[in-house]
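Okay, structure first, notes after.
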Amino acid sequence: MASYIIRRLIGAVVVLFGISIITFIIAYAAPGDPARLIVGAKAPQSVVDAVRHNLGLDQPLPIQYIHYVGRLLQGNLGFSYHNNLPVTELLGQRLGNTVQLALGGWIVELILGIPLGIFGALYHRRIADYILSFLSLVGISMPVFVFGMWLIQNVAHGLGILPLGGAGGISHLILPSITLGVTGMAFYQRLMKSSMVEVMGQDYIRTARAFGVPPRRVITHHAMRNGLLPAVTYAGMDIAQLFGGVVLTETVFNYPGIGQLAWQSIENLDFPVIMATVLLAAVFVVVANFVVDIVYSVIDPRISLS
Amino acid sequence: MNNVALEPSLSPGAGSVTQTKRKFELLKFVKRYPSVVIGGLIVLVMVIIALFAPVIAHYDPLKPMPDGLTQLGAPRPPSHEYILGTDTQGRDVFSRVLFGARVSLEVGFFAGLISLFIGALLGVISGYFGGWVDMVIMRITDMVLAFPFLLFVVALVAALSPSVHNVFIAIGVFGWAQMARIIRSQVLSVKELEYVQAAKSLGASAWNIIFVEVLPNVVTPVIIYLALAIGQNIMLEAALSFLGFGVQPPNPSWGNMIQEGMGYYQLAPWLIYAPGISLLVATIGFNLLGDGLRDWLDPKVGK
Numbered sequence: 545m546a547s548y549i550i551r552r553l554i555g556a557v558v559v560l561f562g563i564s565i566i567t568f569i570i571a572y573a574a575p576g577d578p579a580r581l582i583v584g585a586k587a588p589q590s591v592v593d594a595v596r597h598n599l600g601l602d603q604p605l606p607i608q609y610i611h612y613v614g615r616l617l618q619g620n621l622g623f624s625y626h627n628n629l630p631v632t633e634l635l636g637q638r639l640g641n642t643v644q645l646a647l648g649g650w651i652v653e654l655i656l657g658i659p660l661g662i663f664g665a666l667y668h669r670r671i672a673d674y675i676l677s678f679l680s681l682v683g684i685s686m687p688v689f690v691f692g693m694w695l696i697q698n699v700a701h702g703l704g705i706l707p708l709g710g711a712g713g714i715s716h717l718i719l720p721s722i723t724l725g726v727t728g729m730a731f732y733q734r735l736m737k738s739s740m741v742e743v744m745g746q747d748y749i750r751t752a753r754a755f756g757v758p759p760r761r762v763i764t765h766h767a768m769r770n771g772l773l774p775a776v777t778y779a780g781m782d783i784a785q786l787f788g789g790v791v792l793t794e795t796v797f798n799y800p801g802i803g804q805l806a807w808q809s810i811e812n813l814d815f816p817v818i819m820a821t822v823l824l825a826a827v828f829v830v831v832a833n834f835v836v837d838i839v840y841s842v843i844d845p846r847i848s849l850s
Numbered sequence: 010m011n012n013v014a015l016e017p018s019l020s021p022g023a024g025s026v027t028q029t030k031r032k033f034e035l036l037k038f039v040k041r042y043p044s045v046v047i048g049g050l051i052v053l054v055m056v057i058i059a060l061f062a063p064v065i066a067h068y069d070p071l072k073p074m075p076d077g078l079t080q081l082g083a084p085r086p087p088s089h090e091y092i093l094g095t096d097t098q099g100r101d102v103f104s105r106v107l108f109g110a111r112v113s114l115e116v117g118f119f120a121g122l123i124s125l126f127i128g129a130l131l132g133v134i135s136g137y138f139g140g141w142v143d144m145v146i147m148r149i150t151d152m153v154l155a156f157p158f159l160l161f162v163v164a165l166v167a168a169l170s171p172s173v174h175n176v177f178i179a180i181g182v183f184g185w186a187q188m189a190r191i192i193r194s195q196v197l198s199v200k201e202l203e204y205v206q207a208a209k210s211l212g213a214s215a216w217n218i219i220f221v222e223v224l225p226n227v228v229t230p231v232i233i234y235l236a237l238a239i240g241q242n243i244m245l246e247a248a249l250s251f252l253g254f255g256v257q258p259p260n261p262s263w264g265n266m267i268q269e270g271m272g273y274y275q276l277a278p279w280l281i282y283a284p285g286i287s288l289l290v291a292t293i294g295f296n297l298l299g300d301g302l303r304d305w306l307d308p309k310v311g312k
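Protein chains in written order, with the working numbering: chain A, 545 to 850; chain B, 10 to 312.
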C-alpha cells in the first residue's frame, strides 16, 4: 500500500511537471511581447528592453523555465500586469466563487443523475427508460452556453425571478448551477443505469430476492452499494474538473470565477494568469485522481493496490 | 422460388420478392437499431447541407441585405422571405446557419482525423511493443487526460492566432488520449491471438503484422469513437467560436452566431435559437450514430 502511494505520488508530480512545461511552451510561442504589453505601446524601446531584462525574458527558454519553477515552488505564481495584482491574490478572490458554483452544479448533477439512472435501470427497456435515455442524450448533446442563454431568457428574464448574472448569494448560484447540472447529469444517468443493470443481473441479487427481501430493500441495501461505485469514481473526477473553473457557464452568466478569469487572461495574453489557472485546474484533477484511487480501494476491498 | 409460389398475387415477379425481402430486412434493422438510422440520417442531412450550402442558400451569408433591417434598424423576425430572420447587420440567418454547418463539419472531421492519427500511432506502438515504450506513452496519455482540455485548446488557439485551421489542429492535438487508450487495449487483445502469433512465427516484420493483421481489427472501435468524437469536436468548435477564439466574424460559425446574438436575446431570440438548435441537433445526430454503431457493431455490449 505504502509503496503504491509513493509511486502514485511520484507519477502525479511528473504529470504536473509535464503540464507546466507544455503551458510554458505555449506561452512562449504566443504572439505579442509581454514586456511591450506591460509598458504600453507608446513607451520607448529602451524601456521595453529594460523591463524585459528585469523580468529575465531575455534569457534562454530553459533558464526561464527553471526560474519559473523555482518561483512556483516558493508559492509565487507571478504578477498580473493586466490586473496589477499578484496572481495568487487574483486567484484567491475568485476561487471561492468557483468552488460555490462547482458545488452547486455538482449537487444538481448528482440529485438528477443518480436517481434517474436507478429509475432507468428498474424500467430497463420499457417506455420510461426510452424516454429517460432520450432526455439524457439531449442533455449530453446540449451545449452549456445555449442552455444557459435559454435559462437567462426564459427564467431570469421571462419570469423575472432570478438575477441575470454576476455573483452574490444563493440566488445568483441557482441558474448557473442548473445549467451545469442539467448538461452534466446525463453522464451520471448513463453510468448509473448501466452499472445498476449489470448489478441487478448478478446472482447475489437473485438470491436476495429469492429469500424474500422486499424489492425496495434489494435496491437500496444490496444493488445500490455496488451499483454506485462507478458513479463515485466519476463524481470525484467531476468535482475536481469543476473546481478548475467552468469557463463557458461563468462566461454566459458573467460569473466572476476562475474560468472567467482564465478566459479573460487568454484574451489579454496575460501569461502569468493563464499559466496559473491551467496549472491550478490540473492540480485539482491530479489530486482527485490520486484520492479517488485510494478511496476506491477502501470502499471496494476486491481491488488490491499493486 | 418457394416464396413466389406461396404468394403469387402479391408478387408477380421474382425480382420484387427479393425487393420485399430486402425491405423487410431494412425495416427489421430500423426497428432494432433506430439510433443508427436516425443519427445516420441527421449526419447525412448535415453533410448534404455542408456540401451544397452555396446552392441551398438564397442569400450571401456575409452580405447585409438592403432590406435586411427594419426601418428602426432592428433585425427582421423570421418571415417568408427570410426563413430564420435576419441578424443585427441585416444578414440572412438561414444562409449563415447553412454555412455554419460547413465550418462545424470541417472542424469536427479534421480534428477527429488528427486525434485518430496521433492516437492510433501511439496506441498501436504502445500496445504492440509493450515494456517501457508502453509505460512512457501511457504516462503521457494520462498527462494529456489530466489537462484542463478547454483551457488548453483555447490557449493554443490564442497562441497560434484564431482561425478554422488552428481550431481543428488544437482540438486534434489535445484530443487523442482517449483514442490511444482504446486502440492500445484493442491491440493488446489481438496480438496474442493465434493467427498473429502464426504470422510472427512465419517471420513477418513488426510493421507488417501491425498493418496487415492488427489494424483491421481496430477498425470497429475506431469508427464508433470517431462518430462520437466528431460530435464532441463540433460542440468544442462552437464553444471556441463562442468565446471568440474560433471562427472570426464576419465568417459564420454556430458558436460566434450565438455569441453575436447574446446581447439581443429579448429583441431577436431567433439569433440564438437558429444556430443553437442546429448545434444541438447536429451533436445529437453524431452521438446517436456513435451509440447506435456501438450497439450494432460491438459484440461486447450485449443486446
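Quick reminder that beta carbons are idealized off the backbone N, C-alpha and C, glycines included.
Go through its chain and collect everything with a Cβ distance to B:I195's Cβ below 7 Å, but skip five positions before and after it. As a working note, residue 195 of chain B is residue 186 in the second sequence. Checking the sequence, you will find Gln at residue 195 of chain B rather than Ile. Cβ within range, chain order: N226, V227, P230.
Identify whether B:D304 lies in helix, strand or coil by the three-state DSSP scheme. Indexing the second sequence from 1 puts residue 304 of chain B at position 295. If DSSP states are grouped into helix, strand and coil, B:D304 belongs with the helices.
Hey, how far is the Cα of B:S88 from the Cα of B:D69? Taking the first residue of the second sequence as 1, we reach residue 88 of chain B at position 79. Taking the first residue of the second sequence as 1, we reach residue 69 of chain B at position 60. Computed Cα separation, rounded: 17 Å.
Closest Cβ-Cβ distance between A:N833 and chain B: below 8 Å? Translated into positions along the first sequence, residue 833 of chain A becomes position 289. So, interface residue.
Apart from the five residues just before and just after A:L823, which ones in its own chain have a Cβ nearer than 7 Å to its Cβ? In the first sequence, counting from the first residue as 1, residue 823 of chain A sits at position 279. The answer, listed in chain order, is I563, S564, T567.
Any beta carbon from chain B within less than 8 Å of A:G801's own beta carbon? Your numbering for residue 801 of chain A matches position 257 in the first sequence. False, the Cβ-Cβ gap to chain B never drops below 8 Å.
Between the CA atoms of A:L635 and A:L617 - distance to the nearest angstrom: Counting from one through the first sequence, the residue named residue 617 of chain A turns up at place 73. Counting from one through the first sequence, the residue named residue 635 of chain A turns up at place 91. When rounded, the separation of the alpha-carbon atoms in A:L617 and A:L635 is 17 Å.
Starting from A:D673, follow the alpha helix (DSSP H) in both directions and report where the run begins and ends. For the purposes of this step, residue 673 of chain A is taken as the residue at position 129 of the first sequence. Segment 671 to 685, the alpha helix (DSSP H) holding A:D673.
Using CA coordinates, which residue listed in A:A556, A:L553, A:P578, A:W650 is at the minimum distance from A:I810? The sequence position of residue 810 of chain A within the first sequence is 266, counting from 1. Among A:A556, A:L553, A:P578, A:W650, the Cα nearest to that of A:I810 belongs to A:P578.
Using the Cβ count rule (16 or more neighbours within 10 Å means buried), how would you classify B:P17? The residue you call residue 17 of chain B lines up with position 8 of the second sequence. Unreliable placement is indicated for B:P17, whose pLDDT of 44 sits below 50; the coordinate value is still reported in the next sentence. Exposed, since its Cβ has fewer than 16 Cβ neighbours within 10 Å.
Give a yes or no on whether 8 Å exceeds the smallest Cβ distance from A:L792 to chain B. For this step, residue 792 of chain A is matched to residue 248 along the first sequence. A:L792 counts as touching chain B.
Taking the alpha carbon of A:N641 as the point to measure from, which residue in A:A672, A:Y799, A:L666 has its own alpha carbon closest? Walking along the first sequence from the start, residue 641 of chain A turns up at place 97. The residue with the shortest Cα to Cα distance from A:N641 is A:Y799.
Check distances from the C-beta atoms of the region 168 to 189 of chain B to those of chain A and list, in chain order, the residues that come in under 9 Å. Going along the region 168 to 189 of chain B in chain order, one finds A168, L169, S170 with a Cβ nearer than 9 Å to chain A.
Environment of A:D782 [buried if 16+ CB atoms lie within 10 Å]: The residue labelled residue 782 of chain A in the question sits at position 238 within the first sequence. Buried.
Would you give the residue range spanned by the alpha helix (DSSP H) that B:S210 belongs to? Counted from its first residue, the second sequence places residue 210 of chain B at position 201. Element bounds for B:S210: 203 to 210.
Taking B:G99 as the reference, which of B:L197, B:G77, B:V106, B:A120 has the closest Cα? Taking the second sequence and counting its residues from 1, one reaches residue 99 of chain B at position 90. The shortest Cα separation from B:G99 among B:L197, B:G77, B:V106, B:A120 belongs to B:G77.
When the cut-off is 8 Å and only beta carbons count, does B:G117 lie next to chain A? To locate residue 117 of chain B, count along the second sequence from 1; it is residue 108. Chain A, which has no Cβ nearer than 8 Å to the Cβ of B:G117, makes this no.
Since A:F623 sits in a beta bridge, which residues does DSSP pair it with? For the purposes of this step, residue 623 of chain A is taken as the residue at position 79 of the first sequence. BP columns for A:F623 point to A:P630.
Mind listing the chain B neighbours of A:H701? Cutoff is C-beta to C-beta under 7 Å, in chain order. On the first sequence, position 157 is the one that residue 701 of chain A refers to. Those are Q275, listed as they occur along chain B.
Quick check on B:D96: buried or exposed, where buried means 16 or more other Cβ atoms within 10 Å of its Cβ? Numbered from its first residue, the second sequence carries residue 96 of chain B at position 87. Under this definition B:D96 is a buried residue.
Just curious, the alpha helix (DSSP H) that A:Y572 is in, first and last residue? Start at 1 with the first residue of the first sequence, and residue 572 of chain A comes out as number 28. It spans 546 to 573 - the alpha helix (DSSP H) in which A:Y572 sits, taken as one unbroken run.
Taking beta-carbon pairs under 8 Å, can you tell me which members of the region 57 to 82 of chain B lie near chain A? none
Just the C-alpha distance for A:R734 and A:P630, rounded to the nearest angstrom, thanks. Residue numbering aside, residue 734 of chain A sits at position 190 when the first sequence is read from its first letter. Residue numbering aside, residue 630 of chain A sits at position 86 when the first sequence is read from its first letter. Cα-Cα distance, rounded: 43 Å.
Beta-carbon proximity of A:Y625 to A:I582, cut-off 8 Å: As a working mapping, residue 625 of chain A is identified with position 81 in the first sequence. As a working mapping, residue 582 of chain A is identified with position 38 in the first sequence. Closer than 8 Å, so yes.
Using only alpha-carbon positions, find the residue among A:M686, A:H766, A:D747, A:G712 that is nearest to A:L724. For the purposes of this step, residue 724 of chain A is taken as the residue at position 180 of the first sequence. The residue with the shortest Cα to Cα distance from A:L724 is A:M686.
Per DSSP, what are the beta-bridge partners of B:D101 in this structure? Residue mapping note: residue 101 of chain B aligns to position 92 of the second sequence, counting from 1. For B:D101, the pairing in a beta bridge is given by DSSP as B:T95.
Taking the alpha carbon of A:L676 as the point to measure from, which residue in A:F561, A:G661, A:N628, A:V690 has its own alpha carbon closest? Numbered from 1 along the first sequence, position 132 holds the residue referred to as residue 676 of chain A. Answer by Cα proximity: A:G661.
Outcome for B:I239 when other beta-carbon atoms lying within 10 angstroms are tallied against a minimum of 16: Here residue 239 of chain B refers to the residue found at position 230 of the second sequence. Classification for B:I239: buried.
Contact set for B:G221: own chain, Cβ-Cβ below 8 Å, skip 5 residues either direction: Here the question's residue 221 of chain B lines up with position 212 in the second sequence. Correcting the residue identity first, residue 221 of chain B is Val in this sequence and not Gly. Excluding positions up to five away in sequence, the list reads A208, A213.
Taking Cβ-Cβ distances shorter than 9 Å, what residues in chain B pair up with A:L681? In the first sequence, residue 681 of chain A corresponds to position 137, counting from 1. Under the 9 Å cutoff, chain B gives S44, I293, N296, L297, D300.
C-beta contact flag for B:I92 and B:V290 at 8 Å: Against the second sequence, residue 92 of chain B aligns to sequence position 83. Against the second sequence, residue 290 of chain B aligns to sequence position 281. No.
Less than 8 Å between the CB atoms is what I'm expecting for B:E246 and B:G270, so what's the real figure, rounded? One-based indexing of the second sequence puts residue 246 of chain B at position 237. One-based indexing of the second sequence puts residue 270 of chain B at position 261. No, B:E246 and B:G270 are not in contact; Cβ-Cβ is about 17 Å, not under 8 Å.
Between the beta-carbon of B:S313 and the beta-carbon of B:I146, is there less than 8 Å? Outside the shown range of chain B, which is 10 to 312, sits residue 313 of chain B, and nothing can be said about it.
Name the residues in the region 667 to 695 of chain A whose C-beta lies less than 7 Å from a C-beta of chain B; which are they? L681, V682, I684, S685, M686, P687, F689, V690, M693
What in chain A is Cβ-close to B:G285, meaning under 8 Å? Along the second sequence, one-based indexing puts residue 285 of chain B at 276. Within 8 Å Cβ-Cβ: P687, V690, M693, W694.
Who are the neighbours of B:R148 on chain A, taking C-beta pairs under 9 Å? Numbered from its first residue, the second sequence carries residue 148 of chain B at position 139. Simply G555, V558, V559, G562.
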